[in-house]
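Okay, so here's the structure we're looking at.
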Amino acid sequence: TEILNRVKEEHDILDVSFETWLAPLKVYKVEDNIVTILVPSQQVGLDYVSKKYKLPLKVAIAEITGTNYEIELLLPEEIERRQKTEEDIITSSNAGLNPKYTFDTFVVGSNNKFAHAASLAVAESPGEIYNPLFIYGGVGLGKTHLMHSIAHFILHNNPKSRILYATSEEFTNELIEAIRNGNNTAMSKFREKYRNIDVLLIDDVQFIIGKESTQEEFFHTFNTLHGAKKQIILSSDRPPKDMDILEDRIRSRFEWGLLADIQSPDYETRMAILRKKEELDGYNVGEDVIDYIATNIKSNIRELEGSLNKIIAYANLEKREINLALAEQVLKDMISPNEKKVITPEFIINTVAEHFNLSPSDIIGSKRSSKIAHPRQIVMYLCREFTGTNLVQIGQLLGKRDHTTIMYGIDKIEAEINNPSNTVTEEEIDILKKKINPPK
Ligand code: ADP
Ligand code: MG
9 TEILNRVKEE HDILDVSFET WLAPLKVYKV EDNIVTILVP SQQVGLDYVS KKYKLPLKVA
69 IAEITGTNYE IELLLPEEIE RRQKTEEDII TSSNAGLNPK YTFDTFVVGS NNKFAHAASL
129 AVAESPGEIY NPLFIYGGVG LGKTHLMHSI AHFILHNNPK SRILYATSEE FTNELIEAIR
189 NGNNTAMSKF REKYRNIDVL LIDDVQFIIG KESTQEEFFH TFNTLHGAKK QIILSSDRPP
249 KDMDILEDRI RSRFEWGLLA DIQSPDYETR MAILRKKEEL DGYNVGEDVI DYIATNIKSN
309 IRELEGSLNK IIAYANLEKR EINLALAEQV LKDMISPNEK KVITPEFIIN TVAEHFNLSP
369 SDIIGSKRSS KIAHPRQIVM YLCREFTGTN LVQIGQLLGK RDHTTIMYGI DKIEAEINNP
429 SNTVTEEEID ILKKKINPPK
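One rule links them: number in full-length UniProt numbering = place in the sequence shown (from 1) + 8.
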């Protein structure tokens, strides 16, 4: 106010002009010798104030503060835009990204070689080659880790790039919130956030596609970014072709770029991941313990890491040495019987016999009544499904039968399963499969 009054007095400004042009001005910030002033007006107003009052303001400020500040005049939109950019840069450098998920800590194995190479290529030249990059694979196999690695890599090369990482829950919730607010500002804020960026990463995109409204908005977000050659990276638990409720126009866009899958890790990769983790966390766990974990925990890397953490935590708590005995004790609940149990032909014979109220010797024996022959053929079929035994071996186990008999038996069961007017065999097989290998 003091500054404004001084300008008014010194330049003998009329009240009406003062009220229109000077009174509304507000200092937005003072930084690095620059005073940024908000001009709550339109472009013409800004031009006019700049022309006519910028110098008087500068002089008045210098007189009053004793510092020769530069003056910057800005419209509200511009200030808002700058704030947002600052926020975004802050968001992308901390929030949302796990500092541990980088390419350096990612172990490359045969299961993820391709996804890793694709991710690195995209990180090196975002928006240029593979757009979108679509990473898919089961739970806990490293999709999120790879996505964060890409984001870190791009930010490292170009700290100014505007990167937005969001889970699809975040995208959906923010969208629903914007819709519920029911006004245009909320919606345009949402769009600004998701479209005014250089790289968009949406994790677990399968959840976005559940709802029509989110699919629609996502479609437009996608098109805007893709059209502007901005990099899009998506992850999902399954490939686009298996996303049933996905609209075709979106599905085809998902397939425009590169699809990269991650499989379950093999034993060597599981060992390498455990060793890497051991190294990163600074522990020294014996090779036999690592081997024990890698042999028994197969499905998922999160569980693999969890097992190692659990063993280390136990050792610390109970002040015990980390050894195989401790590992076995700690992991006994995690190692499910399925993973330990090997399905043997004997086990199948026993299960089938019991199911049909027969004894195992009936199955192995020579009686040919259909009451026994049918279960025996089912055993042949299931042995081939569940065990590595070949037809000759199955024949040996089933009372020295010839392998052609086994083949005939298996074919017969297959024909019955595929015969639409006979549902009995199919049901029997279903039940028996569940008995032999219970779903988790
Ligand atoms: P997803 O997103 O596919 O469910 P995550 O990326 O969250 O899986 O991975 C689960 C855990 O396994 C994370 O702690 C991650 O760091 C780790 N992980 C997955 N793959 C690897 C790998 N190849 N090398 C090292 N750690 C990995
Ligand atoms: Mg994930």
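We treat Cβ as the ideally placed atom computed from N, Cα and C, and that holds for glycine.
Note that this is a predicted model, so its numbers are computed, not measured.
Would you say the beta carbon of residue i is closer than 6 Å to some non-hydrogen atom of the ligand ADP?
i, result
"T175", "no"
"G314", "no"
"R283", "no"
"R199", "no"
"L65", "no"
"G104", "no"
"V293", "no"
"G190", "no"
"G290", "no"
"F161", "no"
"V115", "yes"
"residue 453", "The displayed coordinates of the chain run from 9 to 448. Any statement about residue 453 would go beyond what the structure contains."
"I42", "no"
"L149", "yes"
"residue 5", "The question about residue 5 has no answer, for the chain in this structure spans 9 to 448."
Put residue i into one of helix, strand or coil per three-state DSSP.
i, result
"G145", "strand"
"S243", "strand"
"V43", "strand"
"V207", "strand"
"V24", "helix"
"V116", "coil"
"Y109", "coil"
"A268", "strand"
"E78", "strand"
"Y138", "coil"
So, is the C-beta of residue i closer than 7 Å to a C-beta in chain B?
i, result
"L83", "The question asks about chain B, but that chain is absent: this structure has only one protein chain."
| Every unbroken alpha helix (DSSP H) inside the stretch 270 to 352 [4 residues or more] | 275 to 289, 295 to 304, 309 to 325, 332 to 339, 345 to 348
| task | Name all residues in chain order for which at least one heavy atom of the ligand MG lies closer than 7 Å to the residue's CB. | result | K151, T152, D211, D212, S243
| Three or more C-beta pairs closer than 8 Å, one from the stretch 209 to 223 and one from the stretch 172 to 188: is that the case here? | Under the three-pair Cβ rule at 8 Å, the stretch 209 to 223 counts as touching the stretch 172 to 188.
| Does the count of Cβ pairs from the stretch 327 to 347 and the stretch 361 to 377 closer than 8 Å reach three? | Fewer than three pairs of CB atoms, one per stretch, sit closer than 8 Å, so the stretch 327 to 347 makes no contact with the stretch 361 to 377.
| said: Using 8 Å as the cut-off, can you tell me whether the stretch 328 to 338 makes contact with the stretch 367 to 383, which would need three or more C-beta pairs spanning the two stretches below that distance? | reply: no
| query | How about the stretch 147 to 154 and the stretch 78 to 86: do they share at least three Cβ pairs that are nearer than 8 Å? | reply | no
| task | Say whether the stretch 128 to 147 touches the stretch 237 to 253, bearing in mind that this needs 3 or more beta-carbon pairs closer than 8 Å, one atom from each stretch. | result | yes
| query | Unbroken beta strand (DSSP E) runs of length 3 or more, entirely within the stretch 154 to 241: which are they? | reply | 171 to 175, 207 to 211
| What beta strand (DSSP E) runs, 3 residues minimum, are completely inside the stretch 361 to 409? | none
| request: Take every Cβ of the stretch 188 to 196, pair it with every Cβ of the stretch 151 to 167, and state whether three or more of those distances are shorter than 8 Å. | output: With a cut-off of 8 Å, the stretch 151 to 167 and the stretch 188 to 196 do not count as touching, because too few Cβ pairs lie within range.
| Using 8 Å as the Cβ pair cut-off and three pairs as the minimum, do the stretch 303 to 317 and the stretch 281 to 292 touch? | yes
| Do three or more CB pairs link the stretch 233 to 241 to the stretch 199 to 206 at distances below 8 Å? | yes
| query | Between the stretch 381 to 394 and the stretch 434 to 443, are three or more C-beta pairs nearer than 8 Å? | reply | yes
| Do the stretch 263 to 271 and the stretch 117 to 135 make contact, defined as three or more Cβ pairs closer than 8 Å? | The stretch 263 to 271 vs the stretch 117 to 135: in contact.
| task | Spell out a yes or no on whether the stretch 316 to 326 and the stretch 349 to 358 are touching, meaning 3 or more CB-CB pairs, one atom from each, closer than 8 Å. | result | no
| request: Please determine if the stretch 293 to 303 and the stretch 248 to 263 are in contact, where contact requires at least 3 C-beta pairs separated by less than 8 Å. | output: No: fewer than three Cβ pairs fall under 8 Å.
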